[in-house]
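Okay, so here's the structure we're looking at.
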Amino acid sequence: MTCKRSKTTFQRRERSSKFHCCVPQCTASSKFNSVLSFHTFPKDKDAQERWVVNIRRDNFKVTPKKRVCSRHFKCSDLIEPLTSVGHRRLEKGAIPVLFHWNNFTAPAEQPAVLERIKTDQLHSDDDDPSMDAIAHTSHLDSIPTSAARDHTEDLLVEIASLRKHIEEISLSSRFCLERFAASDDDIRFYTRFATLAHLMAFWRLVEPAAGKVVQMSRARAAANIDELPHTAGATSLQPIDEFFLFMTFLSLGLMQRDLAHRFRIHQSAVSRIINTWATFLDMVLRAVDIWLDKKTVKAHMPAVFQHYTDTQVILYCAELRCQIPNPHRSHLLSTYKPQWNFKGLIGMAPHGAVTFVSSLYKGTISDPEIVKHSGVEALVNPKMAIMVDEGFLVENCVSCKVHTPSILPNRAQMSGSEVRKMQSLAKLRLHVEQLIGRVKENKIFSTVIPLSLTGSVNQLYSVVCHLVNYQNGPLVTGLTR
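Start counting the sequence shown at 16; every next residue gets the next number (our numbering).
Take a look at the structure:
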């Protein structure tokens, strides 16, 4: 059975260098995961040989830089540090025994391969006195000529080249973050983060807490064997690849079965990962106070808002389409559009940062009701102004000034100043439209939301909106003079 650790100890990230596990098919790297520890080969030659045989690396040169990650050792072989800044160590005589090819299951205790070979040779020598002569003759016959040595060296070079090629193919066949790390375009496509640097900066913020959440989630999943019949595949992803799976789900809106095939895990594990990360990121991101005070908004006011410098927030009512429910859920029907949807209020500061995200409400909710229930009216005061779209009627339910495009139906023609005001407001409204565009770049919200996600849609919407502040550069540049 696969060994279960009773607790998780986070290792200190090695900043000076990046270690990689030298075990074939293992892509663990300290650059992407600081939860694992990376161990050097023992100094004892016999112990080194046992390590090399176990990891299946022929003609392998042991150096101080070669490391084996802690995933390949039994938990009884690992000595946890006494403090949070300590390093995990190995028990004396520990050898790696958990690998991809044995599904990380410890084999039955038996003599090492080298020991069996040596024992068999000793027994054979005792049984047959003529073995010394035969061995001596065999040794003489095996001495290679110069041509044979050259041929052997060529074969070794070819083997090394083939092994490297196999490792590259293995990596390219795996759907993980490391596979796409060299391309910012791919990172943008699969995660909506502008670059790998943006993604890694966010990962460093959440990684310490994420490790604990992943471990607890895996422990609950392992306890429910009926839910996860393939437990080996369910725990094969590193925490950062679970995060990558969740971001791919948001970005591309893929079905869970598709994600299961891509990441080579069971479909129930995909569902667990999505629910775990939606809950975790929603909790973490909501804990961050994104509402900006008036002084901060003023300090970052773009030049295009020079005639509306009192604007504190631009509000937009986002509508998300959902699958047609049964008759008992008719309250989701929108009063504005003949479709079934959720509605949520999102606020943007003039320079483009998301500063307010409400919960999702039923599609029949009115504009004043959504403003009242969202809590945004408690954040503004008479010295501020909000900017809203035409038709968003909230003037009577907020205590501040409201900038909104208006049409005067009783006039045959508007004045020049009124026309210019409407044009300038329309241009400024484009910025919040771009912000909503960034939210709906995540295909999960630009298409019809399945009813299976209605239980977690609030968390998913909150996460997507909050992540906009971390994924991209500013929408509006250029400060007012």
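Glycine included, C-beta positions come from ideal geometry on N, C-alpha and C. In this text the structure is predicted, and so the values were computed from the model without any measurement.
- The three-state reading of DSSP puts Asn356 in strand, counting E and B together.
- C-alpha of Arg219 to C-alpha of Phe278: approximately 23 Å in a straight line.
- Nearest C-alpha to Cys84 among Phe47, Lys179, Lys313 and Glu405: Phe47.
- Looking only at Thr291, Arg301, Leu330 and Asn69, the smallest Cα-Cα distance to Leu260 is reached by Thr291.
- Residue Asn457 holds the alpha-carbon nearest to the alpha-carbon of Gln486 among Asn457, Pro79 and Thr469.
- Residue environment: Lys33 is assigned as exposed (fewer than 16 neighbouring CB atoms within 10 Å of its CB, all protein chains considered).
- For Cys480, the enclosing alpha helix (DSSP H) has its first and last residue at Val472 to Gln486.
- Secondary structure of Met363 (DSSP, three-state): strand.
- Shown here, Arg104 sits in a strand according to DSSP, grouped into three states.
- Sorting His166, Leu482 and Gln327 by C-alpha distance to the C-alpha of Ile401 places Gln327 at the top.
- For Leu300, the enclosing alpha helix (DSSP H) begins and ends at Gln282 to Arg301.
- For Val68, the enclosing alpha helix (DSSP H) stretches over residues Lys60 to Ile70.
- Annotated three-state conformation of Pro317 is strand, per DSSP.
- When C-alpha distances from Ile361 are compared across Arg72, Arg189, Gln474 and Val391, the shortest belongs to Val391.
- For Val386, the enclosing alpha helix (DSSP H) covers residues Asp382 to Ser389.
- In its chain, beyond the 5 residues on either side, Cys412 have a beta carbon closer than 7 Å to the beta carbon of Lys387.
- DSSP places His418 within a strand segment (E or B) once states are collapsed to three.
- The beta-carbon distance between Leu300 and Ser477, rounded to whole angstroms, is 7 Å. This is short enough to meet the 8 Å contact definition.
- By the 16-neighbour rule on beta-carbons within 10 angstroms, Gln321 is exposed.
- Lys81 counts as buried, since no fewer than 16 other beta carbons sit within 10 angstroms of its beta carbon.
- Rounded to the nearest whole angstrom, the CA to CA distance from Met316 to Ser374 is 27 Å.
- With contacts defined by Cβ atoms closer than 8 Å, Val50 and Gly226 form a contacting pair.
- In the DSSP annotation of this structure, the continuous segment of the alpha helix (DSSP H) that includes Ala275 starts and ends at Gln271 to Phe278.
- Arg71 places its beta carbon less than 8 Å from that of Pro39.
- Partner residues in the beta bridge of Glu334, as assigned by DSSP, are Lys358.
- Annotation for Leu375: the continuous beta strand (DSSP E) segment containing it runs Val369 to Lys377.
- Met402: member of the beta strand (DSSP E) spanning Ala400 to Met402, first to last residue.
- For the region 193–235, not one full-length beta strand (DSSP E) segment reaches 3 residues or more.
- Phe259: not part of any beta strand (DSSP E); member of the alpha helix (DSSP H) spanning Pro254 to Leu267, first to last residue.
- CA-to-CA, the gap between His366 and Ile329 works out to about 10 Å.
- Taking a C-beta distance under 8 Å as the contact criterion, Ala364 and Ile451 do not qualify as a contact pair.
- By the neighbour-count definition (other C-beta atoms within 10 Å, threshold 16), Leu214 is a buried residue.
- In the DSSP assignment, Ile459 is bridged to no other residue.
- When DSSP states are grouped into helix, strand and coil, Leu394 belongs to the coil group.
- The continuous beta strand (DSSP E) containing Val83 extends over residues Arg82 to Cys84.
- Annotation for His87: no beta strand (DSSP E) segment contains it, and DSSP assigns it neither H nor E.
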